[in-house]
Amino acid sequence: MQRDRFRHKGFFSRLQLPVAKKYVYPSSRNAMFFVGGIGAVLVLGLFSFNAFFQHGALVSNGPLSSNHAAFGGDCSTCHTAFQNVTSDKCSVCHEKFGDEVGVHTFASHYLYRSDDFTRVVPAANEPACFGCHTEHVGRDAPITAVADDNCLQCHGFGSFNTGHPEFDFAADSLLDDGNLKFPHTLHVNQVRDRKDLVDIEQACLYCHNATPDGTGFQPISFDRNCDTCHLTTSDATPWVTVASAEGPGVLTLETLRAQQRPGSLWTYYTNPNEFQDRGGAVRKSPVYHRDPWVLENLRRLRQILYPSTGLADLLRASGDVDPRDVRSLYEEAVATLDTYAEELRSSPEREVQQELAEVEDLLDVVRRRLRDPYAPLDETRFLVSPAARDTSISVEEGRAFERVIDQLTQPCQKCHYVEEATIVRVKADQGNLIRAEFNHGAHIIQTRCLDCHSAIPIRQAAATNTTAEWAEDNAGIQNLPSIAKCQTCHTDGKASNTCVTCHLFHPDKSQHSNLLQYLE
Amino acid sequence: MSANVADPSETATQQQRLYADRWSSYGSNTGILQLSDKLSARDLKAYDLFKAYDDKLLDKLTPDISVAKWKAGAVLFEEGSYLDVAFYIVEGTVNLYLQKHQEPASQPIFDTLRLPYVESGDGASAGVPDKTAFVAPYEAKEKPDVQAKPKDSQAAYLATADFNLLHGEEHRLGPGDIFGEIGALNGWPQSVTARTDSECTLVQIRLPALQQLKLRSSDFKNWVDAIYRERTLSEQLKTTPLFHGADERFIEELTQRVGLVSCSPDEQVTVEETPADAFYLVRSGFLRLSQKVGDGEIAVTYLRKGMTLGEVELLVDGIDTWQFSVTAVGFTELVRIARSDFEDLIGRFPAIQGRLWAAAVARIKESGYTRQNLGQPELIEFALDKGLVQGNSILVIDLDVCTRCDDCVRGCASTHGGRPRFVREGDRYDNFLIARSCYHCEDPVCLIGCPTGAIRRANVGEVVEVADDLCIGCGNCANKCPYDAIVMHDTGEVWPDTALPEWLRGKDQKVASKCDLCYTSDAGPACVNNCPHSCAFRINSIEEFQQLQSVDRAQR
Amino acid sequence: MKTAVQKTAIYQTKRPDASRWSNKWVQSPLWFMGFGIAVAVCLVVFVLNALFGRVHPSSPWGLGYGIAAAVLFVGVFFYGVKRRTMQVRALGRAWYYLQFHVYGGTLFLLLALMHVGFRVPHGVLTWWLWALSIWVVASGLLGIVLQKWIPTLLSTGVTTEVNYDRIPELTDEIRERAEKLVETSDYAVRDFYRKDVAPVLAAPQFRPIYYLGISGGLKGQTPPFRHLRAMLPTEERAKLNELEDLVGTKLEIDAHYTLQKALRGWLYVHVPVSVVLAALLGFHIFTVLYY
């Protein structure tokens, strides 16, 4: 630019207008953008190179959890370009090999994928794994610690302490087991007296034996828990009418042995001296738990009363089954049917072989349904249908049958109920929390049994030492607390109250909930 | 260079185009059928108008004079536009009429109450006893609200009123008539729209030539003055609110008796404490009013066109001498009403006194205010000195806020092809920088002496622009501009061989560059638009400058 | 015919929405209120989020904050585009862009911090995004402080007004004038000039002392004219006075040089980093979509 631009009379006599392009778009600004641009290119280059040609650690939103740390070097293990992390990628390890290597499996998610009663989300809308399991939040981040808001997006309540629904059994006043005549107070006091126990809780544990891992209790079994006191050698049936032309009755051991029906092998092992016969009436002493003579006779009587029950007479259960019991029932059916089929196999008769084919067919169906988590457990061929009572039997005759059944099952009825010629099934397991886990071991060292199980006034009864009273308390045989009890400790600032505290989706093998047992 | 080998006919065409361009500054050139080439003195002598002048003068003036043949029905100019051209009809007739129903509210050209420092609106009109008592003929012409001052700072057009027309009325001018000269000489906008009635031959005289013609021949001056008196002055006086209620015939007599005074710069109009002998109306230019204080003088206020002088002295009993020393700032035109005439007027029409009193009181208040506020005379002196009073659009930058980022200048440059049209330097008043950017003066001296007419009113408000394709870079305007607002740019190129006039060829091409207020853009001036801190302002007047100051003080 | 432009469109005398609540720091109460409301809304939303859910970048809430922040960032960047190109004139005054730049930029940081739940991110890329966001906004706020403080300092402290770009040229001119002035003076003045004045006039000088106070800075630099003046004849005194004026002007120019340097210099810590931030932000969005 020439200096001799128009001479003017302005400030310092020279008015110069900046006409250069450099002025309008000054180099300082260019420089700033240039420097920034170079920095941007460098940084972008570094990150891109790292992302596409290296392990991508710079681009990663954070370190992987230690479980997945081994995959940190290869993003494509989990990531697909322009897609979310698909659950298929997770299943490569967790579904295919999970069971074998013992890592967390998808199995426990079947609950949410099946047509189970808890199903909320249709399978098509099922959230992807990454939706709950957030990765890249640090090496030590527990990715199984799913945050509550993942759950609460669909479950519309605030938290465990605000709006969590009451436990089903408490909400519906569901009887855990109304099929056993059992007074807790009486038993506690008697056990305490006999064993000379100081502590009531010791009396609890006398019957409720912990599982080896201490998280729960073994199911109560007659042999283990009741046998000591109940059905001693002195117990006997009353005189029971023997079947004759005049009317219904039981068959004697000899008759049964002579008939040689399939499944009557026990007749050869039964001591005939246990029977007293006074002609027209028979009596057995002692009576055992699941006494084969009693049960065989009961079954025969049932078959007469309910001719169309089919295979149902194999099962010691009524048709009215709690849905939560269905699985146990299936399992029992398999066991019974197996035994039965085994005996049938030895008989070549055509009818017997026909029946065997039928039984084996049923076994097949039941087994398959047990295996397949998606199959509904709604097979009823082996169940008693109360509607099927033989209508040709007159009311008068029916009464005679019932009298015989009553006589036959009198020792049983001390604890059991008999309905429709069937001893009502007692629930074998104690699991009532079907969607959540409860670890007794974790709680028992901090609190007493009766602090939570306070529905039945066992403590008060123990204090007054009333031993003789028959306090019927099978309304809550497990004496379960309501959710409010849990919430006193499990609340913000105290014991943990997240969803996954109780609702474990990836419990380890030894810790499967009852619910999960259904699946195995 | 392709320009070097252009054929002569093309050169002629180009010349014709440039010349035509120059003569169409007031409108489109579509109406011109034929435009004379540059005329010689002898050519001019063919017209009666120029017979009295010697050849030497005419030779000098000839670039500013042209003869054009206009087609019938062409619009020469519209009302409200600023022209620096007068038209002399040689042949044909021209029709004058009002085109627009309601222009931005027109104001009467002389108003006693127009004072620079009285808060607009309330203060002034409070002095008017009853508005409806003075129904002016002007108001009758479907122009409501003439008395109401426009609100805020929005400037209103001053009506030249050189033709007194009702809406829908027409006025026909024939050969030998001159029109447009009043607007051109006084810097007033045209009050009517002119359209050729038939095919017309017009002699077009630009302002510089017009001023010279008026200066050199008393005949011409008298003729123009007579036209002014006849066509305009009586109407202006009639519409002046001051004379509302006076008999029209009396005003017409008065019109013949008033003196038309022209003052040169710094000429003393009145001397303080000498007997007051006349009442003045300012036609154009500025007057400085000062008073003695102690040994010195302080400027009390200034008068601009349309304002009046002398009401205190002529009205108030016991004050018979001038209260102010009045000097002209630059060339100033005044209308002088002798004391005897004035007293006669008041005697006959006592109603006039009401408005005069209001004005007198306002003037007295103003001088009192000035004495109490010592910043006031300083600002007035500054404004008169630096020409702020001239300004129609002054770029002011608040230095308290300005971060010196220069985006105003850059914005200007980017709007004008990389060449900024001002620099962020200039005089400083208080914390305001008066940037050296064109003020778009009331009376633009830069227009005088441009050999090609490249610098002109852009026909939009008061905007003065330089037409790049006409500018030959002579630098006259830049030298004339008292405020350093015009700068010559080197384009970095050389005039091509086809350039006109011929002496330019081969020389460095320069171009005059000045603010054009970005009038072609709807976004407004780029400097203001691009200021990120909102510290650049375009102000219309000193009043707005004061407003800006007070707002700024309040916010500090 | 050229279209007549309304006068009001051409003349601009007031700040776009100046009111009596405007002051130096808050030019427009309207924008400020808008900003305040936006901040309040953000905080309320965040508190609600924290109450009813988990604050995480990939949660729907967090994603929302992130998207809002990114949109704001793009909007904020338009100020730079406008200043660099000057071409978007029709789209409104630069002032609006700056207001949006300042308030939107601050809001951007708030939203970005909400996006990460006011935690420090784990990843390298995300950590840099976090750090640069803070840096850019903090340097921007520093810029605001400078831009409010220095102009006042300049308008109250010095009487001259100087174009930064012309400073070297003006300094040269002052020196030339001073030298011409001294050439014809007597020995004492020439000696004084050589010893005390010449170093001052040599070149534009950057003196951080001006940041502390202009008048003090000026005083400290002025050579001892007073002592010399007493010894000189009247004629020489006039020259000395003129020289003193020149030195005074030069020192004021120095003050301008020093202070305006800060007005320009801070941009270097703001703009390049923001360009890098823009690039990283783009990359971040890409990776979020990609992975």
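Residue numbers (my numbering), protein chains in the order written: chain A, 1 to 520; chain B, 1001 to 1556; chain C, 2001 to 2291. Glycine residues also receive a C-beta, built at the ideal position from the N, C-alpha and C atoms. No experiment lies behind these values; they were computed from the predicted model shown.
- Between P26/A and chain B, the shortest Cβ-Cβ separation is below 9 Å.
- Residues of chain C whose Cβ lies closer than 7 Å to the Cβ of L44/A are, in chain order, A2279 and F2283.
- Taking the C-beta atoms as reference points, L231/A is found no nearer than 9 Å to H187/A.
- The C-beta distance from E1311/B to A1360/B rounds to 5 Å, short enough to fall under 8 Å.
- Nearest CB-CB separation between Q2221/C and chain B: not below the 9 Å threshold.
- C499/A counts as buried, since at least 16 other C-beta atoms from the protein chains shown sit within 10 angstroms of its C-beta.
- In the three-state scheme derived from DSSP, where H, G and I count as helix and E and B as strand, M1488/B is classed as strand.
- Within chain B, the residues D1400 have their CB atoms less than 7 Å from the CB of T2152/C, given in chain order.
- Cβ contact annotation for L1356/B (same chain, cutoff 6 Å, sequence separation greater than five): E1311 and L1315, in chain order.
- The residues A1194, in chain order, have a CB closer than 6 Å to that of L1076/B in the same chain once the five nearest residues on each side in sequence are set aside.
- Less than 9 Å divides the Cβ of D1266/B from the Cβ of V1329/B.
- When DSSP reads this structure, H416/A sits in a beta bridge with L180/A.
- Here DSSP, grouped into helix, strand and coil, assigns W1503/B to helix.
- For S48/A, the nearest CB of chain C lies under 9 Å from its own CB, placing it at the interface with that chain.
- For A1485/B, no CB of chain C lies under 9 Å from its own CB, so it is not counted at the interface with that chain.
- No Cβ-Cβ contact shorter than 9 Å links Q1211/B with F1286/B.
- With a threshold of 16 other beta carbon atoms within 10 Å, W1503/B falls short and is exposed.
- Listed by position along chain C, the residues whose Cβ is nearer than 8 Å to that of V1423/B are N2163.
- Short of 6 Å from the beta carbon of S1367/B, and not among the five residues preceding or following it, lie these beta carbons of its own chain, in chain order: V1300.
- For R2119/C, the number of other beta carbons within 10 angstroms of its own is below 16, and it is reported as exposed.
- Sequence-distant partners of G1506/B (beyond 5 residues in either direction) whose C-beta falls short of 8 Å from its own C-beta, in its chain, are V1494, W1495 and D1497.
- The region 1410-1419 of chain B and the region 1520-1535 of chain B touch, with three or more beta-carbon pairs separated by less than 8 Å.
- In this structure H55/A is exposed. Its beta-carbon is surrounded by fewer than 16 other beta-carbon atoms within 10 angstroms.
- Residues are counted here when their Cβ sits less than 7 Å from a Cβ of chain A; for the region 2122-2148 of chain C these are H2122, G2123, V2124, L2125 and T2126, given in chain order.
- At a cut-off of 9 Å between C-beta atoms, G2053/C counts as an interface residue with respect to chain A.
- Chain A places a beta carbon closer than 9 Å to that of R1410/B, counting this residue as a contact.
- In this structure, the straight-line span from the alpha carbon of D1054/B to that of L1173/B is close to 28 Å.
- Straight-line measurement puts the Cα of Y2164/C at about 18 Å from the Cα of R2083/C.
- The beta carbon of G1506/B sits no closer than 9 Å to any beta carbon of chain A.
- Distances from the alpha-carbon of E397/A to those of A243/A, T267/A and N271/A put A243/A closest.
- Rounded to the nearest angstrom, the Cβ distance from T237/A to Q460/A is 38 Å, too far for a contact under 8 Å.
- In this chain, the alpha helix (DSSP H) harbouring L1315/B covers E1311 to L1315.
- Buried is the label assigned to D1398/B, since at least 16 other Cβ atoms lie within 10 Å of its Cβ.
- Under a criterion of Cβ atoms nearer than 8 Å, the residues of chain A adjacent to S2274/C are, in order, G36.
- The straight-line gap separating the alpha-carbon atoms of D338/A and Q354/A is approximately 16 Å.
- Ranked by Cα distance from S1191/B, the first of G1183/B, T1452/B and A1351/B is G1183/B.
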